[in-house]
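Protein chains: 2
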Amino acid sequence: MAKTPGKSTTQQAEATMHADKAVVIGLNAAIVTVSDDQPKILVVPHEETDGASGWDALPFGPFNPVRHRTLEIGLRSWVQEQTQLELGYVEQLYTFGDRGRHSLETDAPGEHVVSVGYLALTRGYDETLKGAAWCDWYRYFPWEDWREGKPPIIDQAIVPLLREWAGRQSEAPPEELARGKRRDRMRLCFGVDDVAWDDEKALERYELLYSAGLLLEAARDGRPNARGLTGKHAPNLGRPMQFDHRRILATAMSRLRAKIKYRPVAFELMPPSFTLYELQKTVEALLGLHVHKQNFRRLVENAGLVERTGRMSTRTGGRPAEQFRFRREVLNERPAPGLKLAPSRSRANS
Amino acid sequence: MAKTPGKSTTQQAEATMHADKAVVIGLNAAIVTVSDDQPKILVVPHEETDGASGWDALPFGPFNPVRHRTLEIGLRSWVQEQTQLELGYVEQLYTFGDRGRHSLETDAPGEHVVSVGYLALTRGYDETLKGAAWCDWYRYFPWEDWREGKPPIIDQAIVPLLREWAGRQSEAPPEELARGKRRDRMRLCFGVDDVAWDDEKALERYELLYSAGLLLEAARDGRPNARGLTGKHAPNLGRPMQFDHRRILATAMSRLRAKIKYRPVAFELMPPSFTLYELQKTVEALLGLHVHKQNFRRLVENAGLVERTGRMSTRTGGRPAEQFRFRREVLNERPAPGLKLAPSRSRANS
DNA sequence: CTTATATATACTCATTATGAGTATATATAA
DNA sequence: TTATATATACTCATAATGAGTATATATAAG
C-alpha cells in the first residue's frame, strides 16, 4: 500500500475552520427540455402570502453530505425523488455565496446558504409532476428569442431604458468614462449600432439589466439604480423569479448555447430517431436563432454526428424526410464534436 | 417600492434544511503566474509526519459567510492576507462535495468540507511569500509540456501503462465493450494513433490517469485499479498533491488554456509593455505548445488586441522588437477578443 | 568594414471553412 | 396534372487558416 498523506495534515487543515462558519448547501437545478420547438424549464410556482401572483422558483434541494458522496449524486437523487424525471446530461454551473445571492433583507441571521447551480437536460416531458411545471424559458427572457426576428421589446423598452441609464449621473468619480462604459456594455450586449447579436451573452444581458435596475429582482433586492421600477414606469422585462434563480437560469442558457456548439448535447433532448429538420428546430429553439438549413445538414453529416436509419418520416407537408439517429461513436473518434453554427445573416432561407 | 418575494417563503425553504447537514466551505485557489517562460503556481509545501517529502497543497482558506459577502471576495481576502499578492483575473472553477474529493479514509466523521476551486492570475512573481512557493506547473503534469516535442514520459511510461490497463479484465459486465472504451479514452486523451494532441484536455488526461490508478493520489485514495503503485513498478507520473488539489490544478489548466483563446486573459500575466514575441512565449508556456510566429502576430494585430508604444526593446540577439501594450478598449469593441491559436503542425518555424 | 547570424516584421500562397444561394427530388392537395 | 411544400444535393464566392518566403535591422565575428 502506498503511503497516505497523513491524517494529521487533514485534520490540521480542517481544524482551522470553526463551526460558526458552517453553512448549508443548497442545490438548484435548471432542468431543460424542448417540446413543440420551445425550450422549457421546470419551475415550482410560489404563491405570495398576500395572494398576489407568485414568483417562480427553480427546483431546489438541500445537499446532505452524509447521504450523498458528491454534489451531483445529491442533485440527481432529490430530482428523481421529487419529479421522477430521469436526467440525462448534468453540468455544474456556478456556486453562489449567500449574501451575494439573496437580497440583504431576506437574509436570515445565523443561517447561511451557499447554493450550487446545475444545468440538467431531460427528454421526458409529459410526466406527472407534483407541484412543478414546465415553463417556456423565453417567458423569463423575452429578448432572447430572435427566431421571429428581433424581439420588439428590445427597441421599444430595453434600449431606451438602457440609454437613459447610461446617460445618468454615475456614482463613481470618472464621470464621462463611466457613461461610456455603460453605453459600450449596452452596445455589446444588445447589438446596438453595428454590433452583432451574440446568443451566448444571455447571462451578460441579464446582469446588465439587473445592474441597470430594470428587473423586478433588482427592485426587490434594493438596488440603487432601480428607480424606474417604483412608479408606473416599471417595465415588465420578463417574468421574475425567486432569489437569484433567474440569474441561474441565464447562466444555464449561456452555457447550453455555448456547449451545443462543441459538444453533442443537443441529442440529449431528442428522441432516439429524428429527422435533421427536427434536430435543427431543437437547436434553433435553444439558440433563439434561425440557422441555414442546408449548411446545418452539411455540418451535422460531415461531422459524423448522425447516421441514417433508413426509415422515412411520414410527416405532413412535402417530401418525406429520412430518420437519423445519433452516432454515439463520434465521442470516441473526434475530439470536440458539436454543432458549430452561425446564425443566418439574412432570413431568406428559413 | 415593488413588492418583495415575501420573507415567509425564504424561511420556508431554509427550514427544510437541518443543522446536521451543515458543512464548512473551503476555498482553494490555483494562483498562476508566468516567469522565465514557465507557468508557475503557488503551493504550500506540507511535510509528512514521518519526515518523508511532503505533498504540496494549493493555498486554502475557509469561507466565512459572516465576514464576506461573496465567495470571490472571501477568496481575494485571505489570499491578500496570506500572500500580499494582488490577484488580477479570478474565475470560479468547480465545487466539490467532500467525500467526492477527500479519500474515504481521511474523512473526519461529523465534519464535512465542500471546497470551491478558483483560478487566479497574477503578475507579481518575486514577492516574499511566507510558507508558500512558486512551482512550475509542469512538474505536476510532465506530459503536458510539448514545447520541446512530445514528452518522452508519454511513450515510455504512460501509453504502455494505459495499454495494460485497457486490456485488463473489467469489473462491468460488457467486457469487450469496456476495453474498447478504455482504449478510445486513451487514444483521444494522449493522441495515440492519428489523433491530434489537444492542449485543452488536461483535466481529462488527469482523470484518465487517476481512473487507471497510475497516480499516487489514486493509491492514496484506495482506488481499485491502483495495482501498479503498490510494488516497485510504481510509476512517477508527476508530483502528487494533497487531497484533490492536483485535480483542481488540472481543471485550472484546462480552463485557462481554453479561455486564452477567446478572452484576452493572457495580458493579465504580462507587464504593461511587452514585445509580441514575449507575449507569444507566455501563451506558449500556458498551452505547452509552439505556435506559428508570423501568424501569431497577424492574429494579435488584426484582432486589435495590442497597440504600438513606439519604444523599442533593447534585447539581446537580432533586430530590436517594438514594445506593445494591451488595448483595453478591445473589450468594449469586439464580442469575444482572444487568441484563437493553432499549434504548428511542423516545428520548422519556431 | 564586411560578413555571418539572429531576430523582427511584412508579404504571399494554397487549402479549408463558412455563408449563402441554386437546382433537383419526392411527397400531398387542389 | 399542376401547384405547393419540404427534403436533399450541389455550386460558388469569401473569409479564415496554416505555412512558407522575403526583407529589415540589430549584434558579434573576422
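Chains A and B are the protein sequences, given in the same order.
Residue 252 is where the first sequence starts when you use this note's numbering, and the numbers rise one by one after that.
Residue 252 is where the second sequence starts when you use this note's numbering, and the numbers rise one by one after that.
C-beta: ideal position from N, C-alpha, C; glycine also.
request  = Run the CB neighbour count on Thr565 of chain B, radius 10 Å, all protein chains shown included, and call it buried at 16 or more, exposed below.
outcome  = One-based indexing of the second sequence puts residue 565 of chain B at position 314. Classification for Thr565 of chain B: exposed.
query = How should Leu538 of chain A be labelled, buried or exposed, when 16 other C-beta atoms within 10 angstroms of its C-beta is the threshold for buried?
reply = Mapped onto the first sequence, residue 538 of chain A falls at position 287. It is buried - the Cβ of Leu538 of chain A has at least 16 other Cβ atoms within 10 Å.
request  = May I ask you to report which of helix, strand or coil DSSP gives Tyr340 of chain B?
outcome  = Taking the first residue of the second sequence as position 1, residue 340 of chain B is located at position 89. Coil, per DSSP.
query = Applying a beta-carbon distance threshold of less than 7 angstroms, which residues of chain B neighbour His363 of chain A?
reply = In the first sequence, the residue the question calls residue 363 of chain A occupies position 112. Under the 7 angstroms cutoff, chain B gives Pro316.
task = Using a threshold of 9 angstroms, state whether the C-beta atoms of Thr395 of chain A and Arg490 of chain A are closer than that.
result = As a working note, residue 395 of chain A is residue 144 in the first sequence. As a working note, residue 490 of chain A is residue 239 in the first sequence. Per the sequence shown, the amino acid found at residue 395 of chain A is Glu instead of Thr. No.
key: Contact test: Gly375 of chain A Cβ vs the ligand ADP heavy atom, cutoff 8 angstroms   = This structure lacks the ligand ADP; in fact it carries no ligand of any kind.
message = Does the contact criterion of 3 or more C-beta pairs under 8 angstroms hold for the region 338-346 of chain A versus the region 493-502 of chain A?
response = yes
Nearest-angstrom beta carbon gap, Phe575 of chain A and Leu520 of chain A [assumed within contact, 8 angstroms] = Along the first sequence, one-based indexing puts residue 520 of chain A at 269. Along the first sequence, one-based indexing puts residue 575 of chain A at 324. No, Leu520 of chain A and Phe575 of chain A are not in contact; Cβ-Cβ is about 15 angstroms, not under 8 angstroms.
request  = Would you mind telling me which residues of chain A sit closer than 8 angstroms to Pro586 of chain B, beta carbon to beta carbon, in chain order?
outcome  = On the second sequence, position 335 is the one that residue 586 of chain B refers to. Those within 8 angstroms of Pro586 of chain B in chain A are Leu439, Val446, Ala447, Asp449, Lys452.
Simplified DSSP state of Asn279 of chain B, which is helix, strand or coil = Here residue 279 of chain B refers to the residue found at position 28 when the second sequence is read from its first residue. Looking at Asn279 of chain B - three-state DSSP - the assignment turns out to be strand.
query = In chain A, which residues lie with their C-beta within 7 angstroms of the C-beta of Asp435 of chain B?
reply = As a working mapping, residue 435 of chain B is identified with position 184 in the second sequence. Simply Asn583.
ask   = Exposed or buried, what is Ala383 of chain B when buried is set at 16 or more other beta-carbons lying within 10 Å of its beta-carbon?
value = Along the second sequence, read from residue 1 onward, the residue named residue 383 of chain B stands at position 132. Buried, since its Cβ has 16 or more Cβ neighbours within 10 Å.
message = Using only CA atoms, which one of B:Val516, B:Ala572, B:Ile409, B:Gly568 lies nearest to Phe548 of chain B?
response = The sequence position of residue 548 of chain B within the second sequence is 297, counting from 1. A small correction: the amino acid at residue 548 of chain B is Arg; Phe does not occupy that position in the sequence shown. It is B:Ala572.
inquiry  = Could you tell me the alpha carbon to alpha carbon distance between Arg430 of chain B and Arg570 of chain B, rounded to whole angstroms?
reply    = For this step, residue 430 of chain B is matched to residue 179 along the second sequence. For this step, residue 570 of chain B is matched to residue 319 along the second sequence. Going from the Cα of Arg430 of chain B to the Cα of Arg570 of chain B covers about 55 angstroms.
message = According to DSSP, is Ile292 of chain B part of a helix, a strand, or is it coil?
response = Numbered from its first residue, the second sequence carries residue 292 of chain B at position 41. Looking at Ile292 of chain B - three-state DSSP - the assignment turns out to be strand.
ask   = Count the other CB atoms within 10 Å of the CB of Ala447 of chain A; is the residue buried (16 or more) or exposed (fewer)?
value = Counted from its first residue, the first sequence places residue 447 of chain A at position 196. With fewer than 16 Cβ atoms within 10 Å of its Cβ, Ala447 of chain A is classed as exposed.
inquiry  = Using a Cβ-Cβ distance cut-off of 9 angstroms, determine whether Ala273 of chain A contacts chain B.
reply    = What you label residue 273 of chain A is simply residue 22 of the first sequence in a count that begins at 1. Yes, because at least one Cβ of chain B sits closer than 9 angstroms to the Cβ of Ala273 of chain A.
Cβ shell of Val443 of chain A (< 8 angstroms), same chain only, five flanking positions each side left out = The count along the first sequence starts at 1 and reaches residue 443 of chain A at position 192. Val410, Met437.
task = Name, going along the chain, the residues of the region 322-349 of chain B whose beta-carbon falls closer than 9 angstroms to a beta-carbon of chain A.
result = Leu322, Glu323, Ile324, Gly325, Gln343, Tyr345, Thr346, Phe347, Gly348, Asp349
ask   = Between Arg514 of chain A and Lys452 of chain A, what straight-line distance do the alpha-carbon atoms span, to the nearest angstrom?
value = Mapped onto the first sequence, residue 514 of chain A falls at position 263. Mapped onto the first sequence, residue 452 of chain A falls at position 201. Cα to Cα, Arg514 of chain A sits roughly 18 angstroms from Lys452 of chain A.
ask   = Over what stretch of residues does the alpha helix (DSSP H) that includes Glu395 of chain B continue unbroken?
value = As a position in the second sequence, residue 395 of chain B is number 144, starting the count at 1. Careful: Glu395 of chain B lies outside any alpha helix (DSSP H) and carries neither H nor E.
ask   = Less than 9 angstroms separating the beta-carbons of Leu465 of chain A and Leu412 of chain A?
value = Walking along the first sequence from the start, residue 465 of chain A turns up at place 214. Walking along the first sequence from the start, residue 412 of chain A turns up at place 161. Contact: yes.
message = Please list, in chain order, the chain A residues whose beta carbon lies closer than 8 angstroms to that of Asp516 of chain B.
response = The residue labelled residue 516 of chain B in the question sits at position 265 within the second sequence. First, the amino acid is wrong: residue 516 of chain B is Val here, not Asp. Here the premise fails: no neighbours, minimum Cβ distance about 16 angstroms.
key: Helix, strand or coil at Leu309 of chain A according to DSSP, with G and I counted as helix   = Here residue 309 of chain A refers to the residue found at position 58 of the first sequence. Leu309 of chain A: coil per DSSP, three-state reduction.
inquiry  = List, in chain order, every chain A residue whose beta-carbon is nearer than 8 angstroms to that of Val367 of chain B.
reply    = For this step, residue 367 of chain B is matched to residue 116 along the second sequence. Going along chain A in sequence order, the residues near Val367 of chain B (Cβ under 8 angstroms) are Thr346.
inquiry  = Residues of chain A with CB closer than 7 angstroms to the CB of Ile276 of chain B, please, in chain order.
reply    = The count along the second sequence starts at 1 and reaches residue 276 of chain B at position 25. Within 7 angstroms Cβ-Cβ: Val274, Val365.
message = Considering Cα atoms alone, identify which of B:Ser462, B:Ala417, B:Asp406, B:Arg498 is closest to Asn279 of chain B.
response = Counting from 1 along the second sequence, the entry for residue 279 of chain B is found at position 28. The shortest Cα separation from Asn279 of chain B among B:Ser462, B:Ala417, B:Asp406, B:Arg498 belongs to B:Arg498.
message = Give the list of continuous alpha helix (DSSP H) stretches no shorter than 4 residues that lie fully inside the region 463-533 of chain B.
response = 467-471, 496-510
Proximal residues of chain B, C-beta to C-beta of Lys591 of chain A below 8 angstroms = To locate residue 591 of chain A, count along the first sequence from 1; it is residue 340. The premise fails here: Lys591 of chain A is roughly 13 angstroms from chain B at the closest Cβ pair, so nothing lies under 8 angstroms.
inquiry  = Just checking: is the beta-carbon of His541 of chain A within a distance shorter than 9 angstroms of some beta-carbon in chain B?
reply    = Mapped onto the first sequence, residue 541 of chain A falls at position 290. Answer no: the Cβ-Cβ gap between His541 of chain A and chain B never drops below 9 angstroms.
ask   = Can the beta-carbon of Trp385 of chain A be found less than 9 angstroms from the beta-carbon of Leu293 of chain A?
value = Taking the first sequence and counting its residues from 1, the one referred to as residue 385 of chain A is at position 134. Taking the first sequence and counting its residues from 1, the one referred to as residue 293 of chain A is at position 42. Yes, they are a contact pair.
request  = Report the option in A:Val365, A:Ile511, A:Arg471 whose CA atom is closest to the CA atom of Met492 of chain A.
outcome  = Translated into positions along the first sequence, residue 492 of chain A becomes position 241. The shortest C-alpha separation from Met492 of chain A is found at A:Arg471.
message = So, with DSSP's three-state summary, where would you put Ser564 of chain B?
response = Counted from its first residue, the second sequence places residue 564 of chain B at position 313. Coil.
query = Is the beta carbon of Leu439 of chain B sitting closer than 9 angstroms to the one on Asn583 of chain A?
reply = Numbered from 1 along the second sequence, position 188 holds the residue referred to as residue 439 of chain B. Numbered from 1 along the first sequence, position 332 holds the residue referred to as residue 583 of chain A. Yes, Cβ-Cβ distance for Leu439 of chain B and Asn583 of chain A is below 9 angstroms.
query = Can Thr373 of chain B and Val516 of chain B be called in contact, C-beta distance under 9 angstroms?
reply = In the second sequence, residue 373 of chain B corresponds to position 122, counting from 1. In the second sequence, residue 516 of chain B corresponds to position 265, counting from 1. The answer is no: Cβ separation not under 9 angstroms.
key: Of the residues B:Val295, B:Ile405, B:Pro313, the one placed nearest Gly277 of chain B, counting alpha carbons only   = If you number the second sequence from 1, residue 277 of chain B lands on position 26. That would be B:Pro313, whose Cα lies nearest to the Cα of Gly277 of chain B.
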